[in-house]
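In the numbering used here, the protein residues as written are 223 to 437.
Even glycine gets a Cβ: it sits at the ideal position worked out from N, Cα and C.
What you are looking at is a predicted structure, and each value in this text was computed from that prediction instead of being measured.
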């Protein structure tokens, strides 16, 4: 998992050495709390915490010194996922892996890169797949043609180790998107999950086994 896009890498800290320690779990909890409070990203938070172990895995990576950029689809985009896309074992993990870039990028760094180079390919945690970024309508557009998504809510969370950028679509590798278009797909009815109806107790969200403070 080598950090860095194919073009125009942004300066970022490298993996921590023996004298560096980062509390990755705390930082992951902070960004999930921010997603919930920001609004419109409950489905993403639910997948990270309740439906998979990705939050724990991300915390481990950050504790080891890695930096991550999360392209977070909003709830409207997540509601368009189909039954077939979610039903296969490991499917939620694979979807989210494709939305995590193993480097630290902000709206400014990504926009500057696509303005300078036109198109930039970023590595993702779903190896060997990359995600394409390019300038469009004064913003950054990810993906290809009708399977693309715009940078919709920039810099939802940035702490120097984790960056969260809200997007308005769910991304898939081009070859996977082509396969999906050949199938007859039944659209899933997506009901609000636990995070969408999160319980507030004494100023804190209860998100699965995680307790997230609300300021």
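Original post:
Is the CB-CB distance between residue 365 and residue 294 below 7 Å?
Top reply: Against the chain shown, residue 365 aligns to sequence position 143. Against the chain shown, residue 294 aligns to sequence position 72. No, they are not a contact pair.
Subject >> Cβ-Cβ distance between residue 348 and residue 326 below 7 Å >> reply: The residue labelled residue 348 in the question sits at position 126 within the chain shown. The residue labelled residue 326 in the question sits at position 104 within the chain shown. Contact: no.
**OP:** Check whether the segment 389-396 touches the segment 266-277, taking contact to mean three or more Cβ pairs, one atom from each stretch, closer than 8 Å.
**Re:** no
Subject >> Inter-residue Cα distance where the pair is residue 261 and residue 285 >> reply: Position 39 of the chain shown, counted from the start, is the residue given in the question as residue 261. Position 63 of the chain shown, counted from the start, is the residue given in the question as residue 285. The straight-line gap from Cα to Cα measures roughly 27 Å.
Original post:
If you run the structure through DSSP and keep just helix, strand and coil, what is residue 261?
Top reply: Locating residue 261 in the chain shown gives position 39, where the first residue counts as 1. Three-state DSSP puts residue 261 in coil, outside helix and strand.
Original post:
Whose C-beta lies closer than 6 Å to the C-beta of residue 398 among residues of the same chain, with five residues either side of it excluded?
Top reply: As a first step, residue 398 must be located in the chain shown, where it is residue number 176. Around residue 398: no qualifying Cβ.
Subject >> Endpoints, beta strand (DSSP E) assigned at residue 363 >> reply: The residue you call residue 363 lines up with position 141 of the chain shown. It spans 361-364 - the beta strand (DSSP E) in which residue 363 sits, taken as one unbroken run.
Subject >> Alpha-carbon to alpha-carbon, residue 246 and residue 379 >> reply: One-based indexing of the chain shown puts residue 379 at position 157. One-based indexing of the chain shown puts residue 246 at position 24. Taking C-alpha positions only, residue 379 is separated from residue 246 by approximately 14 Å.
**OP:** Label residue 350 either buried or exposed according to how many other C-beta atoms from any shown protein chain fall within 10 Å of its C-beta, with 16 as the threshold for buried.
**Re:** On the chain shown, position 128 is the one that residue 350 refers to. Residue 350 should be labelled exposed.
Subject >> In DSSP terms, what residue 388 is bridged to >> reply: By 1-based counting over the chain shown, the position of residue 388 is 166. Its beta-bridge partners are 294 and 375.
**OP:** Kindly provide the ranges of any beta strand (DSSP E) runs that are 3 or more residues long and lie completely inside the segment 299-383, ordered along the chain.
**Re:** 341-345, 352-358, 361-364 and 371-380
Original post:
For residue 310, is the classification buried or exposed, using 16 other Cβ atoms within 10 angstroms of its Cβ as the cut-off for buried?
Top reply: Indexing the chain shown from 1 puts residue 310 at position 88. The residue is exposed, with fewer than 16 neighbouring Cβ atoms inside 10 Å.
Subject >> Whole-number beta carbon distance between residue 313 and residue 307, since they are thought to touch under 8 Å >> reply: Here residue 307 corresponds to residue number 85 of the chain shown, with the count starting at 1. Here residue 313 corresponds to residue number 91 of the chain shown, with the count starting at 1. Contact holds; Cβ gap of about 6 Å.
**OP:** Express the C-alpha separation of residue 362 and residue 368 in angstroms, rounding to a whole number.
**Re:** Sequence index remark: in the chain shown, residue 368 carries index 146 (1-based). Sequence index remark: in the chain shown, residue 362 carries index 140 (1-based). Rounded to whole angstroms, residue 368 to residue 362 spans 15 Å at the Cα level.
Original post:
Looking only at its own chain, which residues have a Cβ that is under 6 Å from the Cβ of residue 292, when we skip the five neighbours before and after it?
Top reply: Sequence index remark: in the chain shown, residue 292 carries index 70 (1-based). The residues are 322 and 386.
**OP:** Go ahead and pull the three-state DSSP assignment for residue 406.
**Re:** For the purposes of this step, residue 406 is taken as residue 184 along the chain shown, with counting starting at 1. Because residue 406 carries a pLDDT of 41, less than 50, the predicted location of this residue cannot be relied on, and the following value inherits that uncertainty. Coil at residue 406, not helix or strand.
Original post:
Looking at the structure shown, is residue 285 part of a helix, part of a strand, or coil, going by DSSP?
Top reply: Taking the first residue of the chain shown as position 1, residue 285 is located at position 63. Helix at residue 285.
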